[in-house]
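Residue numbers for the sequence shown, in my numbering: 1 to 221.
Cβ atoms here follow ideal geometry from the backbone N, Cα and C, with glycine treated the same way.
Please read all numbers here as calculations on a predicted model, not as lab measurements.
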Amino acid sequence: MSRPPGPSRISLLFYRCIRNLVVAFCRIYWREQVTGRQHVPATGAFILAPVHRSNIDTPLVAAVTTRRLRYMGKDSMWKVHWVGAVFTALGAFPVRRGRADREALRRCVEVLEGGEALVLFPEGSRRSGPTVEEVFEGAAYLAARTGAPIVPVGIGGSEAAMPRGARFIRPVRTRVVVGAPLRPPAGPEGSRVARRAVRELTAELQGALQRLLDEAAVSPR
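Take a look at the structure:
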């Protein structure tokens, strides 16, 4: 598969400007503290895998690296051309509804094979509470298929700042803890991804996320 073209200099500049504003807001309003940045790869593809307790998790994880992060978004967000252009510049890419699983997989592989950083929430939808109860296999499968490491992330305080169903955000303290990368098992080039390897890597990811979520826990004051 040919490598997709990288982002333009204008797109990167726009992303960095918006990212800096978002990070500054998070540091001021949510008193965000980030530890473990040294675990984020400086170059090459990787999967950033945060726990998911709130809609503000996405802006919070922007602080872990100055590299452009890529996200999935519903294709309806691109219906208006200029709006879609903004989302694209911010690192998002569209996935068509109705064919989401297959389309998402293809686009995620393209992002990783292009040497970029992909954000993927292993728990899927937002969860609640201090326990990581279920982790889907998507992150482990993509890691095993592309060779990209998984960087687990724990986030504390985001659920208190904006729990499910909340209409407003609260100025509580937040903490983001980045864990050591999880390396997928090496296999022969072009070989099929082994289901056992995916299950084992998923279990390892779930354990890492639980440890990091515990470490990231903060007082809401």
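Open item on the list: On the criterion of 16 or more Cβ atoms from any shown chain inside 10 Å, does residue 154 qualify as buried, or is it exposed?
Closed with: buried
TODO: May I have the straight-line CA-CA distance separating residue 143 from residue 61, to the nearest angstrom?
DONE: 20 Å
Open item on the list: My output table needs one value for residue 163: the three-state DSSP class, helix, strand or coil.
Closed with: coil
Open item on the list: Just list the residues that DSSP pairs residue 79 with in beta bridges.
Closed with: Answer is none; residue 79 lacks a bridge partner.
Task: Outcome for residue 108 when other beta-carbon atoms lying within 10 angstroms are tallied against a minimum of 16 - done: buried
TODO: Would you tell me roughly how many angstroms separate the C-alpha atoms of residue 73 and residue 20, rounded to the nearest one?
DONE: 21 Å
Open item on the list: I believe residue 113 touches residue 146 by the beta-carbon criterion, under 8 Å. Please report the beta-carbon distance rounded to the nearest angstrom.
Closed with: 6 Å
Task: Cross-strand partners of residue 19 (DSSP beta bridge) - done: Answer is none; residue 19 lacks a bridge partner.
TODO: Ignoring anything shorter than 3 residues or poking outside the stretch 168–210, list the beta strand (DSSP E) runs there in chain order.
DONE: 175–178
Task: Where the alpha helix (DSSP H) containing residue 143 begins and where it ends - done: 138–146
TODO: Pull up the DSSP beta-bridge partners for residue 93, would you.
DONE: 72
Task: Assumed close pair residue 284, residue 31 - CB separation to whole angstroms, cut-off 8 Å - done: Because the chain spans 1 through 221 in this model, residue 284 falls outside it and cannot be assessed.
Task: Residue closest to residue 15, alpha-carbon to alpha-carbon, out of 57, 53 and 67 - done: 67
- [ ] Spell out a yes or no on whether the stretch 158–169 and the stretch 52–59 are touching, meaning 3 or more CB-CB pairs, one atom from each, closer than 8 Å.
- [x] yes
Task: DSSP three-state assignment for residue 150, whether helix, strand or coil - done: strand
Open item on the list: According to DSSP, residue 119 sits in a beta bridge with which residue or residues?
Closed with: 48
Open item on the list: Considering just the uninterrupted stretch of the alpha helix (DSSP H) at residue 61, what are its terminal residues?
Closed with: 57–61
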